[in-house]
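Q: Here it is, the structure, as structure tokens.
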Amino acid sequence: MALKITVIGTGYLGATHAAAMAELGFEVLGLDVVPEKVATLAAGRVPMYEPGLEELLNRHVAGLEGSSGRLRFTTSWDELEDFGGDVHFVCVNTPQKHGEYACDMSYVDAAFTSLAPRVKGGALVVGKSTVPVGSADRLARLLADHAPEGVDLAWNPEFLREGFAVRDTLHPDRIVAGVDGARAEKLLREVYATPIAEGSPFVVTDFPTAELVKTSANSFLATKISFINAMAEVCEAAGGDVVKLAEAIGHDERIGKKFLRAGIGFGGGCLPKDIRAFMARAGELGADQALTFLREVDSINMRRRGHMVELAREAVGGGSFLGTRVAVLGATFKPDSDDVRDSPALNVAGQIHLQGGQVTVYDPKGMDNARLVFPTLGYADSALEAVRGADVVLHLTEWQEFGELDPASLGRVALRRIMLDGRNALDGAKWREAGWTYRAMGRPRA
Ligand SMILES: NC(=O)c1ccc[n+]([C@@H]2O[C@H](COP(=O)([O-])OP(=O)(O)OC[C@H]3O[C@@H](n4cnc5c(N)ncnc54)[C@H](O)[C@@H]3O)[C@@H](O)[C@H]2O)c1
């Protein structure tokens with residue numbers, strides 16, 4: 128019989144994971160503490176924007192016409208207990224602690240505390256949240272104290288990228304299984320049998336290594352982005368072109384082309400808080416020196432946001448933003464997502480607004496979330512409306528829609544034709560031909 132799977136925490140990670148598990152043929156129950164989220168998912172709708180996820184939900188959510196009926200959602204721990212899952216994935220949030228670098232483990236702890244007495248003997252609990260190294264050992268002891276006999280723990284970090292979450296979950300580029308015994312490994316191999324058969328590498332580790340794989344992977348990616356942004360700073364000082372530089376160094380296979388686009392840097396619900404939590408945890412372990420470079424990675428990244436504000440200030444005359452109109456294209460931290468958590472785009476928009484600029488933001492999918500975070504910014508229903516009457520236009524999230532904009536049409540409604548490309552993603556020549564002053568980060572002025 129197919130395994131019964133529960134997913135605790137149905138946000139970006141959990142909702143996708145639950146739907147993917149149903150797609151792989153398992154019977155799945157998703158549990159979240161937010162009733163509105165559960166009601167939305169149970170109706171086959173996605174509370175966030177994630178390409179392909181709604182289709183997957185509609186294929187499997189019980190009660191929807193033509194669905195497999197294998198996927199249900201609930202807020203009830205009693206229902207979870209009655210469901211009698213064989214494998215329980217914990218996918219709750221692990222944000223940065225307020226006022227500290229460390230990870231706030233209270234959601235994970237609460238989920239494990241609720242779950243432990245409700246799992247059946249012999250079940251497997253699998254942590255997927257990104258946690259500080261050492262957490263799995265501690266949570267295994269919690270399960271030993273509060274769960275029935277024979278309940279195992281595994282740590283199986285998640286590497287999905289928002290915008291590609293469905294594809295990444297169904298066809299992962301690797302599966303990392305942190306286990307403490309053969310039984311947990313066997314069950315995880317059963318869960319992931321399809322992607323393993325397709326060729327996804329299955330890497331078996333101990334608990335600490337599995338936890339560290341996730342935080343070190345994110346640290347590497349953050350470092351790569353800050354590296355090219357540091358090169359952009361030097362290019363700006365020396366009159367070089369960081370786009371050409373990235374192209375040239377990217378031809379070296381040891382370096383590679385990906386994640387070498389200079390701009391206003393990384394954000395979102397993962398990289399910034401994960402590298403900070405990693406530093407904090409290394410400090411607790413007495414290994415803080417090993418990660419001091421991440422402090423620099425973080426500050427290079429944050430500096431780019433300030434630099435974008437200064438480029439905009441220069442564009443409007445070099446003084447105050449008072450009385451100036453600034454159009455901001457993009458609010459989400461990356462394209463193909465509605466996620467505005469620690470978004471560099473919103474941060475830049477907010478800084479200019481707080482300094483007196485009249486900022487109008489447009490984003491294809493992130494408007495509702497942006498309004499919640501920053502209700503005092505101006506919002507427009509299209510790029511054209513955002514640009515109408517603007518003294519300067521800032522391109523801050525590289526949505527495909529912005530790459531396809533017609534500079535001539537925008538030029539007719541803008542007060543002044545100044546485009547600042549914070550993502551090095553627009554075709555500068557096209558904008559210049561249409562009469563715009565086009566500036567991008569780390570590139571010479573034309
Ligand atoms: N979003 C990503 O791209 C991504 C990728 C890889 C790893 N991660 C990691 O996955 C974890 C979840 O991230 P996310 O982006 O999905 O967060 P999220 O905030 O979108 O979702 C977390 C969900 O957990 C629920 N929750 C909180 N406490 C709960 C409890 N006690 N019981 C049941 N549900 C509870 C929340 O209501 C929320 O719906 C984090 O550790 C994150 O670092 C996220």
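If you're matching positions, the sequence shown starts at 128 in our numbering and goes up one per residue.
Heads up, the beta-carbon is just placed ideally off N, CA and C, and yes, glycines get one too.
On the criterion of 16 or more Cβ atoms from any shown chain inside 10 Å, does residue 503 qualify as buried, or is it exposed?
A: Taking the sequence shown and counting its residues from 1, the one referred to as residue 503 is at position 376. Exposed.
Q: In the structure shown, what three-state DSSP assignment does residue 482 receive?
A: As a working note, residue 482 is residue 355 in the sequence shown. Reduced to three states, the DSSP call for residue 482 is coil.
Q: Between which residues of its own chain and residue 169 is the CB-CB distance below 6 Å, once the five residues before and five after are set aside?
A: Translated into positions along the sequence shown, residue 169 becomes position 42. 200, listed in sequence order.
Q: Quick check: the stretch 386-394 against the stretch 406-414, are there 3 or more CB pairs under 8 Å?
A: no
Q: Buried or exposed: where does residue 326 fall if 16 or more other Cβ atoms within 10 Å of its Cβ makes it buried?
A: Here residue 326 is taken as the residue at index 199 of the sequence shown, counted from 1. So residue 326 counts as exposed.
Q: Please determine, among 129, 164 and 150, the residue with the shortest C-alpha to C-alpha distance to residue 136.
A: The count along the sequence shown starts at 1 and reaches residue 136 at position 9. Ranking 129, 164 and 150 by Cα distance to residue 136 puts 164 first.
Q: Taking Cβ positions, are residue 218 and residue 258 nearer each other than 8 Å?
A: Stepping through the sequence shown from its first residue, residue 218 is reached at position 91. Stepping through the sequence shown from its first residue, residue 258 is reached at position 131. Taking 8 Å as the Cβ cut-off, residue 218 and residue 258 do not qualify as a contacting pair.
Q: From residue 528 to residue 543, what does the alpha carbon distance come to, in whole angstroms?
A: If you number the sequence shown from 1, residue 528 lands on position 401. If you number the sequence shown from 1, residue 543 lands on position 416. Rounded to whole angstroms, residue 528 to residue 543 spans 22 Å at the Cα level.
Q: For a test of your reading of the model: does the CB of residue 492 fall under 7 Å from any non-hydrogen atom of ligand 1? Yes or no.
A: The residue you call residue 492 lines up with position 365 of the sequence shown. No; taking the cut-off as 7 Å, the Cβ of residue 492 has no heavy atom of ligand 1 nearer than that.
Q: Between residue 136 and ligand 1, is there a pair consisting of the residue's CB and a ligand heavy atom that are separated by less than 7 Å?
A: For this step, residue 136 is matched to residue 9 along the sequence shown. Checking the Cβ of residue 136 against ligand 1 gives yes.
Q: Could you name the residues of the same chain whose beta carbon sits closer than 7 Å to that of residue 443, not counting the 5 residues immediately before and after it, in chain order?
A: Within the sequence shown, numbered from 1, the residue matching residue 443 stands at position 316. Around residue 443: 451, 518 and 519.
Q: Closer than 7 Å: is that where the CB of residue 141 sits relative to any heavy atom of ligand 1?
A: For the purposes of this step, residue 141 is taken as the residue at position 14 of the sequence shown. Yes, the beta carbon of residue 141 sits closer than 7 Å to at least one heavy atom of ligand 1.
Q: My parser needs the alpha helix (DSSP H) runs of 4 or more residues fully inside the stretch 312-336; what are they?
A: 320-325
Q: Using a Cβ distance threshold of 8 Å, determine whether the stretch 230-247 contacts the stretch 411-424, with at least three qualifying pairs required.
A: Taking a cut-off of 8 Å for Cβ pairs, the stretch 230-247 and the stretch 411-424 do not touch, as fewer than three such pairs fall below it.
Q: Of the choices 500, 494, 501 and 566, whose alpha-carbon is the least far from that of residue 507?
A: The count along the sequence shown starts at 1 and reaches residue 507 at position 380. Ranking the options by Cα distance to residue 507, first place goes to 494.
Q: With a 10 Å radius around its C-beta and 16 neighbouring C-beta atoms as the bar for buried, classify residue 161 as buried or exposed.
A: For the purposes of this step, residue 161 is taken as the residue at position 34 of the sequence shown. Answer is exposed; the Cβ neighbour count stays below 16.
Q: Give the single residue among 539, 432, 366 and 441 whose Cα lies nearest to the Cα of residue 469.
A: Mapped onto the sequence shown, residue 469 falls at position 342. Of the listed residues, the one whose Cα sits closest to residue 469 is 432.
Q: Can you list, in chain order, the residues of its chain with a C-beta nearer than 7 Å to that of residue 427? Leave out the 5 residues immediately preceding and following it.
A: Start at 1 with the first residue of the sequence shown, and residue 427 comes out as number 300. 353, 356 and 357, listed in sequence order.
Q: Distance, Cα to Cα, residue 553 vs residue 225?
A: The residue labelled residue 553 in the question sits at position 426 within the sequence shown. The residue labelled residue 225 in the question sits at position 98 within the sequence shown. Their backbone Cα atoms lie some 37 Å apart in a straight line.
Q: Write down the C-beta distance between residue 243 and residue 281 rounded to the nearest angstrom, noting that I regard them as a contact closer than 8 Å.
A: Translated into positions along the sequence shown, residue 243 becomes position 116. Translated into positions along the sequence shown, residue 281 becomes position 154. Wrong, their Cβ atoms sit about 15 Å apart, outside the cutoff.
Q: Measuring from the CB of residue 176, is there a heavy atom of ligand 1 at a distance below 7 Å?
A: Translated into positions along the sequence shown, residue 176 becomes position 49. Because no heavy atom of ligand 1 lies under 7 Å away, the Cβ of residue 176 does not count as near it: no.
Q: What is the residue span of the beta strand (DSSP E) that residue 215 lies within?
A: Translated into the one-based positions of the sequence shown, residue 215 becomes position 88. Note, residue 215: beta strand (DSSP E), 214-217.
Q: Starting from residue 138, follow its DSSP beta bridges and name the residues at the other end.
A: One-based indexing of the sequence shown puts residue 138 at position 11. The partner list for residue 138 (beta bridge, DSSP) is empty, contrary to what the question assumes.
Q: Please classify residue 472 as buried or exposed, where buried requires at least 16 other C-beta atoms within 10 Å of its C-beta.
A: Counted from its first residue, the sequence shown places residue 472 at position 345. By the 10 Å Cβ count, residue 472 comes out buried.
Q: Ligand 1 and residue 164: does any heavy atom of the ligand fall closer than 7 Å to the residue's C-beta?
A: Start at 1 with the first residue of the sequence shown, and residue 164 comes out as number 37. For ligand 1, at least one heavy atom lies less than 7 Å from the Cβ of residue 164.
Q: By the 10 Å Cβ neighbour count, where 16 or more other Cβ atoms means buried, how is residue 262 classified, buried or exposed?
A: Here residue 262 refers to the residue found at position 135 of the sequence shown. Buried, by the Cβ-count rule.
Q: Between residue 197 and residue 213, what straight-line distance do the alpha-carbon atoms span, to the nearest angstrom?
A: Translated into positions along the sequence shown, residue 197 becomes position 70. Translated into positions along the sequence shown, residue 213 becomes position 86. Going by the C-alpha atoms only, they are around 15 Å apart.
Q: To the nearest angstrom, how far is the alpha carbon of residue 575 from that of residue 283?
A: Shown here, the chain extends from 128 to 573; a query on residue 575 therefore has no answer.
Q: Report yes or no: do three or more beta-carbon pairs, one from the stretch 283-299 and one from the stretch 144-153, lie closer than 8 Å?
A: Touching, yes, given that three or more Cβ pairs across the two stretches are closer than 8 Å.
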